[in-house]
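Using the working numbering, read the sequence shown as starting at 10 and increasing by one per residue.
Think of the CB as a built atom: it goes at the ideal place given N, C-alpha and C, for glycine as much as any other residue.
Below is one structure; the comments refer to it alone.
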Amino acid sequence: MHRSLTIFTRQILTNSSLLRTTNHSLYFESSSLNPRPTWSLFFRFLSFHPVHRHAPDPDDPATLMKEDGVSVCSQMWIENFREPDRTVTNLTSYLRRFELWVLAYQKVCCDEMGAYVPRSAIQRSALEDLLALRNAVLDSRFKWGARLDFFIKSPKDKTDYDSLSKRKIKAILTTTQPASFQDKVVQEVLLMMLEPIYEARFSQKSYAFRPGRNAHTVLRVIRRNFAGYLWYIKGDLSAVLDGMKVGLVIGAMMRDVRDKKVIDLIKSALVTPVITSQIDDGEKKKKKKRKYQKKRVLADDEPKPDPYWLESFFGFAPEEAEKVPSWGHCGILTPLLFNICLDELDRWIEGKIKEFYRPSKSDVIWNSPEGEADQGNTSWPEFVPTSGPDKTRKMDYVRYGGHLLIGVRGPRIDAATLRKQLIEFCDQKYMLKLDNESLPIEHITKGIMFLDHVLCRRVVYPTLRYTATGGKIISEKGVGTLLSVTASLKQCIKQFRKLNFLKGDRDPDPQPCFRMFHATQAHTNAQMNKFLSTMVEWYRFADNRKKIVNFCSYILRGSLAKLYAAKYKLRSRAKVYKIGSRNLSRPLKEKKGQSPEYHNLLRMGLVESIDGLQYTRMSLVPETDYTPFPSNWRPDHEKTLLEYIKLDDPKTLEEQRSCIIEQGLVSPQDYISMLVWNYKRNAIVMDKLSLVENGSNNIERDRPLLMDASNENSDQKSKTEEEIIERVQFARM
Numbered sequence: 010m011h012r013s014l015t016i017f018t019r020q021i022l023t024n025s026s027l028l029r030t031t032n033h034s035l036y037f038e039s040s041s042l043n044p045r046p047t048w049s050l051f052f053r054f055l056s057f058h059p060v061h062r063h064a065p066d067p068d069d070p071a072t073l074m075k076e077d078g079v080s081v082c083s084q085m086w087i088e089n090f091r092e093p094d095r096t097v098t099n100l101t102s103y104l105r106r107f108e109l110w111v112l113a114y115q116k117v118c119c120d121e122m123g124a125y126v127p128r129s130a131i132q133r134s135a136l137e138d139l140l141a142l143r144n145a146v147l148d149s150r151f152k153w154g155a156r157l158d159f160f161i162k163s164p165k166d167k168t169d170y171d172s173l174s175k176r177k178i179k180a181i182l183t184t185t186q187p188a189s190f191q192d193k194v195v196q197e198v199l200l201m202m203l204e205p206i207y208e209a210r211f212s213q214k215s216y217a218f219r220p221g222r223n224a225h226t227v228l229r230v231i232r233r234n235f236a237g238y239l240w241y242i243k244g245d246l247s248a249v250l251d252g253m254k255v256g257l258v259i260g261a262m263m264r265d266v267r268d269k270k271v272i273d274l275i276k277s278a279l280v281t282p283v284i285t286s287q288i289d290d291g292e293k294k295k296k297k298k299r300k301y302q303k304k305r306v307l308a309d310d311e312p313k314p315d316p317y318w319l320e321s322f323f324g325f326a327p328e329e330a331e332k333v334p335s336w337g338h339c340g341i342l343t344p345l346l347f348n349i350c351l352d353e354l355d356r357w358i359e360g361k362i363k364e365f366y367r368p369s370k371s372d373v374i375w376n377s378p379e380g381e382a383d384q385g386n387t388s389w390p391e392f393v394p395t396s397g398p399d400k401t402r403k404m405d406y407v408r409y410g411g412h413l414l415i416g417v418r419g420p421r422i423d424a425a426t427l428r429k430q431l432i433e434f435c436d437q438k439y440m441l442k443l444d445n446e447s448l449p450i451e452h453i454t455k456g457i458m459f460l461d462h463v464l465c466r467r468v469v470y471p472t473l474r475y476t477a478t479g480g481k482i483i484s485e486k487g488v489g490t491l492l493s494v495t496a497s498l499k500q501c502i503k504q505f506r507k508l509n510f511l512k513g514d515r516d517p518d519p520q521p522c523f524r525m526f527h528a529t530q531a532h533t534n535a536q537m538n539k540f541l542s543t544m545v546e547w548y549r550f551a552d553n554r555k556k557i558v559n560f561c562s563y564i565l566r567g568s569l570a571k572l573y574a575a576k577y578k579l580r581s582r583a584k585v586y587k588i589g590s591r592n593l594s595r596p597l598k599e600k601k602g603q604s605p606e607y608h609n610l611l612r613m614g615l616v617e618s619i620d621g622l623q624y625t626r627m628s629l630v631p632e633t634d635y636t637p638f639p640s641n642w643r644p645d646h647e648k649t650l651l652e653y654i655k656l657d658d659p660k661t662l663e664e665q666r667s668c669i670i671e672q673g674l675v676s677p678q679d680y681i682s683m684l685v686w687n688y689k690r691n692a693i694v695m696d697k698l699s700l701v702e703n704g705s706n707n708i709e710r711d712r713p714l715l716m717d718a719s720n721e722n723s724d725q726k727s728k729t730e731e732e733i734i735e736r737v738q739f740a741r742m
């Protein structure tokens with residue numbers, strides 16, 4: 010080693026060209042002013058380490074967050090709605106986008122913590138763990154339902170899994186546990202990628218588990234489109250939620266998505282078993298007496314539980330909306346997969362609707378060959394005649410989750426034939442055994458229950474006035490039918506009985522809601538007012554809205570009166586109403602609720618005011634909402650997407666420009682300048698096309714011509730020469 014170093018130094022010293030350089034040379038000839046030894050410079054040269062600029066780390070979380078996650082999601086929605094029929098094959102590229110993972114982390118943290126976490130507030134360690142989770146999913150190292158080995162944990166999970174005892178580890182591995190935090194993050198990412206793909210493809214006849222659609226949409230569609238149907242087929246396919254086959258789900262997905270990584274990830278979520286603990290009847294312990302528990306204080310990062318009024322309203326959900334599908338470890342992804350599986354049923358019935366349609370020229374509605382054009386308003390009685398051989402035969406269909414409703418206008422034998430075909434289709438496609446009892450055919454006069462509303466037909470006799478020959482006005486009575494969407498009072502009583510607000514059916518008796526026993530009168534009244542407000546909104550489109558809401562107000566007011574009678578020892582509801590007034594707005598702690606001390610304290614703001622119960626009289630209940638519902642209705646977000654895509658199309662701009670010119674909204678001077686500019690721009694493009702075709706790419710030679718076009722109009726200065734050349738080259742390609 011020493012010998013090699015000696016030879017190396019000798020070569021450097023003998024070669025003077027290496028040492029005699031300019032300003033940055035290592036060798037300076039000695040002079041009287043600056044005597045400097047060459048050996049010190051030589052050793053400094055040997056000890057010099059060049060500075061290398063390292064490339065940015067591709068695995069650095071800060072480097073990977075180039076865009077906002079919301080903008081990435083918006084771009085996915087736009088792409089899929091622009092081309093809804095294309096087969097998607099590049100989902101793995103979106104699975105690599107770290108912005109989507111950060112957005113999914115924020116959404117799950119919001120559910121877990123009860124507060125939104127900005128991207129700037131996410132800790133560096135959490136981003137690194139999130140990146141490790143993403144890499145594990147891409148490398149197929151991620152496993153669903155992990156109990157002890159996590160790539161990322163919830164911010165509120167402070168458990169040290171390395172120091173757990175064997176007993177606790179066994180309990181974690183064998184008992185039912187909620188979905189882990191990392192599973193929820195992966196589910197959110199998959200939902201953000203798959204939802205825009207299938208929302209652009211789903212049928213407009215399905216309304217459950219979809220953004221912008223709810224039970225109110227179904228009721229408005231029924232009121233708008235089902236007026237005039239005589240026979241109804243009501244079916245329940247909820248059994249599909251329990252016994253769905255994995256191969257059927259994957260086969261339904263692969264019709265539109267052909268990405269192996271995403272398909273395998275969802276298949277693994279469906280196949281991986283969910284560990285649930287089973288308690289034998291013999292091992293059940295005896296119930297201990299409930300002891301008094303102190304009020305539990307929530308942690309800083311713990312979300313607040315649902316208030317009493319919201320829990321009560323959720324318990325008021327109709328039968329069609331009670332059950333939410335949950336398959337394996339798919340979690341929030343399950344409703345989307347359920348709609349994917351049943352979308353083929355929607356398409357099949359849509360084909361049957363087109364086949365069944367037979368217009369009749371003698372009919373006043375639906376007499377066009379296409380059947381889509383509106384022929385009169387079907388919501389008015391004079392336009393909905395009864396069925397007959399000379400009437401149009403038509404059918405329609407809606408689906409809310411696993412519950413479907415088909416309306417048929419025609420003879421009953423057509424409805425029976427359709428039911429038979431539907432049973433065969435479900436047997437072949439979903440391996441679901443249905444019979445005539447599970448798909449009953451009911452006439453409109455019997456009343457059809459759907460979403461706790463009764464669909465029935467009312468015969469009305471409107472007065473028809475018309476002008477006869479000679480200008481004489483004739484008034485005569487007509488006969489027509491009107492579709493009525495009425496809230497079911499029987500179903501409302503059933504729901505209240507389930508929530509322990511009353512007992513009895515024929516003569517319902519309100520029961521005290523003892524859960525609010527320790528709350529103040531002001532807080533209890535506020536909770537019931539919120540519950541009543543949601544009930545008013547739920548029955549917004551019911552014909553008997555005033556009657557049903559007044560009944561709900563009576564039940565809740567009686568329940569509170571009994572509660573206050575037990576709490577303040579007033580013995581009866583009559584005494585409660587006498588002291589607290591009809592709407593229970595006066596304080597019951599004070600004698601007769603009218604003490605001058607209370608009013609003085611209320612005026613000074615030292616006591617809490619009490620809001621009385623709302624809707625204590627039927628006149629206070631708002632009217633039914635009969636707002637017209639458009640036939641081609643779409644949610645607001647889909648309208649915005651379609652408008653954006655339409656405006657992004659260059660044909661739309663040309664149509665708008667020609668329309669403005671035709672209607673004379675442009676002055677002659679502006680019109681002439683626009684024509685001149687268009688002429689020069691077209692001339693420039695043609696000249697550049699000829700130059701490119703001849704092999705000439707000299708930009709400097711054509712700069713004056715390009716600058717003339719850019720300076721012609723101040724509004725068109727963005728049309729620079731580089732943009733024109735790029736467009737020309739693109740057109741040539």
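To the nearest angstrom, report how far apart residue 292 and residue 185 are at their CA atoms. With a pLDDT of 46 at residue 292, under the threshold of 50, the modelled position of this residue cannot be trusted, and the question is left open.
CB-CB length for residue 522 against residue 510, believed under 8 Å: 7 Å
Identify, in the order they occur along the chain, each residue of the same chain with its Cβ nearer than 7 Å to the Cβ of residue 152, setting aside the five sequence neighbours on each side. none
State the DSSP-derived secondary structure class of residue 358, mapped to helix, strand or coil. helix
State whether the region 130 to 140 contacts the region 111 to 121, with contact taken as three or more CB pairs (one from each stretch) at a distance under 8 Å. Short answer: they touch.
From residue 666 to residue 649, what distance separates their C-alpha atoms? 22 Å
Please work out which residues of its chain come closer than 7 Å, Cβ to Cβ, to residue 109, disregarding the five sequence neighbours upstream and downstream, and give them in chain order. Within the same chain, and ignoring the five residues on either side of residue 109 in sequence, the residues whose Cβ sits closer than 7 Å to its Cβ are 78, 81, 103, 198, 201.
Three-state secondary structure (DSSP) at residue 662? helix
Residue nearest to residue 553 in terms of C-alpha spacing, selected from 635, 323, 572, 565: 635
On a CA-only basis, which of 481, 474, 400, 500 is nearest residue 561? Give me that one, please. In terms of CA proximity to residue 561, 500 leads the group 481, 474, 400, 500.
How many Å lie between residue 219 and residue 213 at the Cα? 11 Å
Among all the DSSP beta bridges, which residues are the ones paired with residue 493? 465
DSSP three-state label for residue 405, please. strand
Is the number of C-beta pairs between the region 530 to 540 and the region 477 to 485 that are closer than 8 Å three or more? no
Near residue 647, which residues of its chain fall below 6 Å by C-beta distance, leaving aside the five closest residues on each side in sequence? none
Between which residues of its own chain and residue 483 is the CB-CB distance below 8 Å, once the five residues before and five after are set aside? 474, 475, 476, 477
Separation of residue 502 from residue 559, as counted between CA atoms: 13 Å
Best match in 451, 327, 195, 333 for proximity to residue 250 [C-alpha to C-alpha]: Sorting 451, 327, 195, 333 by C-alpha distance to the C-alpha of residue 250 places 333 at the top.
Evaluate the contact criterion for the region 439 to 456 versus the region 230 to 248: three or more CB pairs, one atom per stretch, below 8 Å. By the Cβ rule, the region 439 to 456 counts as touching the region 230 to 248, because three or more pairs are nearer than 8 Å.
Could you tell me the distance, in whole angstroms, from the CA atom of residue 644 to the CA atom of residue 222? 7 Å
Do residue 404 and residue 365 have their C-beta atoms within less than 8 Å of each other? In contact: residue 404 and residue 365 (Cβ atoms closer than 8 Å).
Residues near residue 60 by beta carbon distance below 6 Å, same chain, minus five either side: A caution first: residue 60 carries a pLDDT of 44, below 50, which makes its placement in the model unreliable, though a value can still be read off. Excluding positions up to five away in sequence, the list is empty.
Secondary structure, alpha helix (DSSP H): runs of 4+ residues fully inside the region 521 to 588: Runs of the alpha helix (DSSP H) inside the region 521 to 588: 530 to 547, 554 to 576.
What separation, rounded to the nearest whole angstrom, lies between the Cα atoms of residue 163 and residue 529? Cα-Cα distance, rounded: 36 Å.
Among the residues of its own chain, which have a CB less than 6 Å from the CB of residue 259, if the five just before and after it don't count? 276.
For residue 412: DSSP bridge partner residues: DSSP output for residue 412 lists 245, 409 as bridge partner(s).
Among the candidates 441, 466, 141, whose CA atom is the shortest distance from the CA of residue 490? 466
Residue 486: which of 655, 416, 471, 457 sits nearest, CA to CA? 471
Give the C-beta separation of residue 268 and residue 96 to the nearest angstrom, bearing in mind that I take them to be a contact with Cβ-Cβ under 8 Å. About 10 Å separates the two Cβ atoms, so there is no contact after all.
Specify the secondary structure class of residue 476 as computed by DSSP and reduced to three states. In the structure shown, the three-state DSSP call for residue 476 is strand.
So within the region 304 to 354, which uninterrupted beta strand (DSSP E) runs reach at least 3 residues, ignoring any that extend past its ends? none
For residue 519, count neighbouring C-beta atoms within 10 Å of its own C-beta (all shown protein chains included) and say buried if the count is 16 or more, exposed if not. buried
Option in 430, 547, 506, 527 with minimal Cα separation from residue 495: Minimum Cα-Cα distance from residue 495 among the listed residues 430, 547, 506, 527 corresponds to 547.
Spatial neighbours of residue 217 in its chain, beta-carbon cut-off 6 Å, leaving aside the 5 residues before and after: For residue 217, the CB contacts under 6 Å within the same chain, skipping 5 residues up- and downstream, are 409, 410 in chain order.
Would you kindly report the start and end of the unbroken alpha helix (DSSP H) that includes residue 83? 78 to 91
Residue 663 to residue 654, Cα distance in whole Å? Rounded to whole angstroms, residue 663 to residue 654 spans 15 Å at the Cα level.
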